[in-house]
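K.L.:
My structure is below; once you've seen it, I'll send some questions.
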Amino acid sequence: MSKKERKCNTLLEIKDLKVYFPVYGGVLKRKVADVKAVDGISFELKEGETLGLVGESGCGKSTTGKTIINLNPATGGQILFHSKLTGEIPVVAVKNGESSVKVPSFSVPTNLSVDIAQLNNEQMRPFRSEIQMIFQDPYASLNPRMTVNDIIMEPLNIHSPELTRTEKFEKVSWLMEKVGLSAEQATRYPHEFSGGQRQRIGIARALATNPRLVIADEPVSALDVSIQAQVINLMQDLQDEFGLTYIFIAHDLAVVEHISDRIAVMYLGNIVEIAKTEELFTKPCHPYTKALLSAIPHPDPNVKKEKRIMLEGDVPTPLAKPSGCGFRTRCPIAAPECALSRPPMREVSEGHLVACPLFDRVESKSQ
Numbered sequence: 003m004s005k006k007e008r009k010c011n012t013l014l015e016i017k018d019l020k021v022y023f024p025v026y027g028g029v030l031k032r033k034v035a036d037v038k039a040v041d042g043i044s045f046e047l048k049e050g051e052t053l054g055l056v057g058e059s060g061c062g063k064s065t066t067g068k069t070i071i072n073l074n075p076a077t078g079g080q081i082l083f084h085s086k087l088t089g090e091i092p093v094v095a096v097k098n099g100e101s102s103v104k105v106p107s108f109s110v111p112t113n114l115s116v117d118i119a120q121l122n123n124e125q126m127r128p129f130r131s132e133i134q135m136i137f138q139d140p141y142a143s144l145n146p147r148m149t150v151n152d153i154i155m156e157p158l159n160i161h162s163p164e165l166t167r168t169e170k171f172e173k174v175s176w177l178m179e180k181v182g183l184s185a186e187q188a189t190r191y192p193h194e195f196s197g198g199q200r201q202r203i204g205i206a207r208a209l210a211t212n213p214r215l216v217i218a219d220e221p222v223s224a225l226d227v228s229i230q231a232q233v234i235n236l237m238q239d240l241q242d243e244f245g246l247t248y249i250f251i252a253h254d255l256a257v258v259e260h261i262s263d264r265i266a267v268m269y270l271g272n273i274v275e276i277a278k279t280e281e282l283f284t285k286p287c288h289p290y291t292k293a294l295l296s297a298i299p300h301p302d303p304n305v306k307k308e309k310r311i312m313l314e315g316d317v318p319t320p321l322a323k324p325s326g327c328g329f330r331t332r333c334p335i336a337a338p339e340c341a342l343s344r345p346p347m348r349e350v351s352e353g354h355l356v357a358c359p360l361f362d363r364v365e366s367k368s369q
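Take any residue in the sequence shown, count from 1 to its spot, add 2: that is its number in our numbering.
Next comes the structure, spelled out in structure tokens:
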């Protein structure tokens, strides 16, 4: 199947996803509030594409990624994953839009997908072979007491027990070669590698189970700029070779522009705009997106750059979000009606959605 054909198939659907963390206080430690880290986001992901998830620190992008892989429990909504697993897998599935359909002998036809939000850790385990994660910190995400061979082999021990030890060793060597490391380095420990090499080990570990979806949580933010380019190019090569689907989480818009097919912009737990990469950078609609893009430095001093949009005030806390639109307290075009209700996503062109009914006022106000 070609990459173009794969992108016609939906792999993941997020519907009104909410992730709240309770806050307890008082002598009796009762619940007093919720930190609304993710507050009702929706999007879909096509097989073989890369979706960039961007926003300021604390906007909920990493929480979204961890919730998709069930490292954080979802408070509400659906995470529909179109799995290809078959066999005796007791899970809760979704059929015709309805959750909690128990299927003891589980196989996935075209009208059936797994609602990851409904699974506990035991039920989720079989699906972790199809969804893997590359973590942000290459220093903290690798066990310092394990050799590289043991680190990469651990997913094989869990998800591929039918393989012999020799076959596992061979696959570890093959994976190390794929990510640009020598198989002779398999007996070394993480502290003997540079940051870029450690991240390559993390990538090899993620690929060990032959996943279909890889969630990359700021995989290059801790690396030098020169190493960032190498890791990004490696991820693109692996995607082309193995037909991988990426959710690429980052705050560096230049990096996201290079690797992503589409980009979703998050602010205070909500997606405010989502579009194809080229259209988002050339025709941004949401005032927050425009402010983010205006902050990107340009390396060529001879290129005329538009004036940077400076946002006033601080980002509100997710513990006490503003009523209505969460961005209205910093928005240059905010109107009284913005405080009444959260704006729904509005389609301004094919595949380009924006959560702002007043976005067309930005240009007129700036003139």
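Quick reminder that beta carbons are idealized off the backbone N, C-alpha and C, glycines included.
Could you tell me the boundaries of the alpha helix (DSSP H) in which M237 lies?
P.N.:
Locating residue 237 in the sequence shown gives position 235, where the first residue counts as 1. Run containing M237: V227 to F244, per the alpha helix (DSSP H) assignment.
K.L.:
On the criterion of 16 or more Cβ atoms from any shown chain inside 10 Å, does S143 qualify as buried, or is it exposed?
P.N.:
Locating residue 143 in the sequence shown gives position 141, where the first residue counts as 1. Answer is buried; the Cβ neighbour count reaches 16.
K.L.:
Select from E164, L73, M178 and T166 the residue whose C-alpha is nearest the C-alpha of I153.
P.N.:
Counted from its first residue, the sequence shown places residue 153 at position 151. Comparing Cα-Cα distances from I153 to each of E164, L73, M178 and T166, the minimum goes to M178.
K.L.:
Helix, strand or coil for N272 per DSSP?
P.N.:
The residue you call residue 272 lines up with position 270 of the sequence shown. Residue state, collapsed to three classes: strand.
K.L.:
What is the residue span of the alpha helix (DSSP H) that G27 lies within?
P.N.:
Here residue 27 refers to the residue found at position 25 of the sequence shown. Element bounds for G27: not the alpha helix (DSSP H) but the beta strand (DSSP E), T12 to G27.
K.L.:
For Q134, does the three-state DSSP call read helix, strand or coil?
P.N.:
If you number the sequence shown from 1, residue 134 lands on position 132. Residue state, collapsed to three classes: strand.
K.L.:
Among L47, K86 and Q199, which has the Cα closest to the Cα of G67?
P.N.:
To locate residue 67, count along the sequence shown from 1; it is residue 65. Ranking the options by Cα distance to G67, first place goes to L47.
K.L.:
Can you name the start and end residues of the beta strand (DSSP E) that I261 belongs to?
P.N.:
Here residue 261 refers to the residue found at position 259 when the sequence shown is read from its first residue. Premise fails: I261 lies in the alpha helix (DSSP H), L255 to I261, not in any beta strand (DSSP E).
K.L.:
Which residue wins for smallest C-alpha separation from I205, given the options V150, E194, E169 and D254?
P.N.:
Residue 205 sits at position 203 when you count from the first residue of the sequence shown. I205 has its Cα closest to that of V150, out of V150, E194, E169 and D254.
K.L.:
Is it right to say M312 is buried, meaning 16 or more other beta carbons lie within 10 angstroms of its own, or is it exposed?
P.N.:
Translated into the one-based positions of the sequence shown, residue 312 becomes position 310. Answer is exposed; the Cβ neighbour count stays below 16.
K.L.:
What is the rounded straight-line gap between the Cα of P334 and the Cα of F361?
P.N.:
Numbered from its first residue, the sequence shown carries residue 334 at position 332. Numbered from its first residue, the sequence shown carries residue 361 at position 359. Approximately 10 Å, taken between the alpha carbons.
K.L.:
Would you call the stretch 258-276 in contact with the stretch 53-67, where contact means no fewer than 3 C-beta pairs closer than 8 Å?
P.N.:
Judged by Cβ distances under 8 Å, the stretch 258-276 makes contact with the stretch 53-67, as three or more pairs qualify.
K.L.:
Rounded to the nearest angstrom, what separates D36 and T77 at their Cα positions?
P.N.:
Along the sequence shown, read from residue 1 onward, the residue named residue 36 stands at position 34. Along the sequence shown, read from residue 1 onward, the residue named residue 77 stands at position 75. Cα-Cα distance, rounded: 11 Å.
K.L.:
Given this structure, state the Cα-to-Cα distance separating E15 from I273, to the nearest angstrom.
P.N.:
Position 13 of the sequence shown, counted from the first residue, corresponds to residue 15. Position 271 of the sequence shown, counted from the first residue, corresponds to residue 273. Cα to Cα, E15 sits roughly 14 Å from I273.
K.L.:
According to DSSP, is F250 part of a helix, a strand, or is it coil?
P.N.:
Taking the first residue of the sequence shown as 1, we reach residue 250 at position 248. Three-state result, F250: strand.
K.L.:
Can you tell me the Cα-Cα spacing of T331 and G315, whole angstroms?
P.N.:
The count along the sequence shown starts at 1 and reaches residue 331 at position 329. The count along the sequence shown starts at 1 and reaches residue 315 at position 313. The straight-line gap from Cα to Cα measures roughly 8 Å.
K.L.:
Skipping 5 residues on each side, what residues in its chain have a beta carbon closer than 8 Å to that of L19?
P.N.:
Numbered from 1 along the sequence shown, position 17 holds the residue referred to as residue 19. Excluding residues within five positions, the ones whose Cβ falls inside 8 Å are V40, G42, I43, S44, T66, T69, A76, G78, G79, Q80, I81 and A119.
K.L.:
Report all residues from its chain with a CB closer than 8 Å to the CB of S85; omit the five preceding and five following residues, and keep chain order.
P.N.:
For this step, residue 85 is matched to residue 83 along the sequence shown. Taken in chain order, the residues that qualify are V110, S115, V116, F129 and E132.
K.L.:
Let me know if K97 comes out buried or exposed under the rule of 16 or more other beta-carbons within 10 Å of its beta-carbon.
P.N.:
Here residue 97 is taken as the residue at index 95 of the sequence shown, counted from 1. Confidence at K97 is low in this model, with a pLDDT of 46, below 50, so its placement is unreliable and no value can be given for it.
K.L.:
According to DSSP, simplified to helix, strand and coil, what is E194?
P.N.:
Residue mapping note: residue 194 aligns to position 192 of the sequence shown, counting from 1. Helix, per DSSP.
K.L.:
Is H288 helix, strand or coil by DSSP?
P.N.:
Residue mapping note: residue 288 aligns to position 286 of the sequence shown, counting from 1. Looking at H288 - three-state DSSP - the assignment turns out to be coil, as it is neither helix nor strand.
K.L.:
Please return the same chain residues whose Cβ sits closer than 7 Å to the Cβ of R310, not counting the five positions on each side in sequence.
P.N.:
For the purposes of this step, residue 310 is taken as residue 308 along the sequence shown, with counting starting at 1. Within the same chain, R310 has close Cβ partners S296 and A297.
K.L.:
Along the alpha helix (DSSP H) that carries T69, what are the first and last residues, could you check?
P.N.:
Position 67 of the sequence shown, counted from the start, is the residue given in the question as residue 69. Unbroken alpha helix (DSSP H) run through T69: K63 to I70.
K.L.:
Along the chain, where does the beta strand (DSSP E) that runs through H354 open and close?
P.N.:
As a first step, residue 354 must be located in the sequence shown, where it is residue number 352. First-last of the beta strand (DSSP E) with H354: H354 to V356.
K.L.:
Hey, out of L246, Q230 and P146, whose CA is closest to F195's CA?
P.N.:
To locate residue 195, count along the sequence shown from 1; it is residue 193. Among L246, Q230 and P146, the Cα nearest to that of F195 is on P146.
K.L.:
With contact counted as at least three CB pairs below 8 Å, one residue from each stretch, are the stretch 159-167 and the stretch 244-256 in contact?
P.N.:
As far as the Cβ criterion goes, the stretch 159-167 does not touch the stretch 244-256, which means the pair count is below three.
K.L.:
Output yes or no for whether 7 Å exceeds the beta carbon distance between P393 and K292.
P.N.:
Nothing about residue 393 can be reported from this structure: the residues present for the chain run from 3 to 369 only.
K.L.:
On the criterion of 16 or more Cβ atoms from any shown chain inside 10 Å, does F244 qualify as buried, or is it exposed?
P.N.:
Position 242 of the sequence shown holds residue 244. It is exposed - the Cβ of F244 has fewer than 16 other Cβ atoms within 10 Å.
K.L.:
With three or more C-beta pairs closer than 8 Å as the rule, is the stretch 215-227 touching the stretch 185-202?
P.N.:
With a cut-off of 8 Å, the stretch 215-227 and the stretch 185-202 count as touching, because enough Cβ pairs lie within range.
K.L.:
Whose C-beta lies closer than 6 Å to the C-beta of K63 among residues of the same chain, with five residues either side of it excluded?
P.N.:
Position 61 of the sequence shown, counted from the first residue, corresponds to residue 63. Closer than 6 Å at the Cβ level, and outside the excluded window around K63, lie L55, G57, I251 and M268.
K.L.:
Assuming R32 is part of the alpha helix (DSSP H), what are its boundary residues?
P.N.:
Looking up residue 32 in the sequence shown gives position 30. Run containing R32: none in the alpha helix (DSSP H); it sits in the beta strand (DSSP E), R32 to K48.
K.L.:
Opposite K278 in the DSSP bridges: which residues?
P.N.:
On the sequence shown, residue 278 is found 276 positions in, with the first residue counted as 1. R264.
K.L.:
Using the three-state DSSP reduction, which class does A210 fall into: helix, strand or coil?
P.N.:
Taking the first residue of the sequence shown as position 1, residue 210 is located at position 208. DSSP places A210 in coil when its eight states are reduced to three.
K.L.:
Answer with buried or exposed for N159, where buried requires no fewer than 16 other C-beta atoms within 10 angstroms of its C-beta.
P.N.:
Your numbering for residue 159 matches position 157 in the sequence shown. N159 is exposed by the Cβ-count criterion.
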